[in-house]
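Counting in this note's numbering, the sequence shown runs from 45 upward without gaps.
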Amino acid sequence: MYRVDINSDIGESFGAYKIGMDEEVVKYISSANIACGFHAGDPMVMALTVDRCLKNVVSIGAHPGFPDLLGFGRRNLDASSEEIKNYVIYQIGALQAFVAIRGTKLQHVKAHGALYNMAAVDEKIAMAIAEAIASVDRNLICVGMANTAMERAAEKVGLRFAYEVFADRNINPDGTLVSRKHPNAIIHDEELACKRVLRMVKEGVCEAIAGTLVKVKVDTICGHGDNPQAVEFAKKIRETLEENGVDILPMGEFV
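Rendered as structure tokens:
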């Protein structure tokens with residue numbers, strides 16, 4: 045039996061600026077990564093997004109990033125391990141409060157953007173994130189890609205780890221995400237995305253940008269909420285998986 049979680053990065057609007065189609069995307073996912081105010085989001089958006097998740101029976105995770113609203117958290121910052129650890133603790137705590145007053149708990153933590161990509165290859169950054177998560181709540185699941193520094197750090201501190209793949213992103217031969225500066229970084233073809241996702245889930249492999257096959261592990265599939273095709277992507281991927289005998293469940297039910 046195949047089972048997998050579908051997640052999306054949502055709650056990224058800020059003040060008068062609307063980003064993403066959260067109210068529609070949330071209908072097709074099983075877990076949500078909610079921005080915590082550093083790279084995107086604000087207290088009003090966080091509260092609204094938590095309520096949307098609860099209404100649609102979607103499990104909630106924190107999506108901490110660098111304090112970089114102007115760059116949407118996608119610019120590498122030269123921050124110390126101590127700074128990164130406290131950035132992550134601060135952001136988890138902010139979302140945790142909104143979740144707690146509604147009588148529920150956070151399921152997971154997934155770093156955002158540049159912080160996520162840096163943690164995949166930098167042991168010190170990965171350890172700072174893992175230690176931050178564990179210091180807040182050791183029951184939280186850490187989300188990241190297989191064969192990365194983030195996976196190793198989570199194992200060292202004793203956190204559960206959910207293996208993530210991306211429906212709308214190409215990968216390099218080493219399994220890392222292709223830089224958004226590359227013209228082929230984003231996959232816009234829905235049919236291609238669905239075929240890739242199904243192959244990753246059932247065969248454990250993904251075709252890299254160079255054409256080589258990369259082994260992957262899949263607990264959760266991400267479709268970005270700020271992608272213009274986010275709603276159709278989420279809907280098509282869920283339909284494709286269910287039609288092919290894959291159960292969609294929040295990662296907390298099986299990781």
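Just so you know, even glycine gets a beta-carbon here, dropped at the ideal spot from N, CA and C.
### Task
Have a look at residue 274 and residue 123 and give me their C-alpha separation to the nearest angstrom.
31 Å
### Task
Use the C-beta contact count for residue 174: other C-beta atoms within 10 angstroms, 16 or more gives buried, fewer gives exposed.
buried
### Task
Please report the residue range of the alpha helix (DSSP H) in which residue 48 lies.
That residue, residue 48, is in no alpha helix (DSSP H); its beta strand (DSSP E) goes 46–54.
### Query
Hey, how far is the Cα of residue 190 from the Cα of residue 208?
7 Å
### Message
Output needed for residue 72: all residues of its chain with C-beta closer than 6 Å, excluding positions within five of it in sequence on either side, in chain order.
### Response
278, 279, 282
### Message
Let me make sure I understand the geometry here. Which of 213, 57, 182, 188 has the alpha-carbon closest to that of residue 202?
### Response
182
### Task
Determine the direct distance from the alpha carbon of residue 257 to that of residue 64, and round the result to whole angstroms.
32 Å
### Message
Once the 5 residues before and after residue 55 are set aside, which same chain residues still bring their CB inside 7 Å of it?
### Response
66, 78, 79, 85, 89, 90, 93
### C-alpha distance - residue 125 paired with residue 187, whole-angstrom precision
19 Å
### Message
Here's the rule I'm using: 16 or more other beta-carbon atoms within 10 Å means buried, otherwise exposed. How should residue 156 be labelled?
### Response
buried
#### Entry: Which listed residue (193, 222, 241, 224) has its alpha carbon closest to that of residue 211
241
### residue 195 classed as buried or exposed, judged by whether at least 16 other C-beta atoms fall within 10 angstroms
buried
### Task
Give a yes or no on whether the C-beta atoms belonging to residue 262 and residue 48 are separated by under 9 Å.
yes
### Any chain B beta carbon closer than 9 Å to residue 283
Annotation note: the requested chain B is absent from the structure, which comprises a single protein chain.
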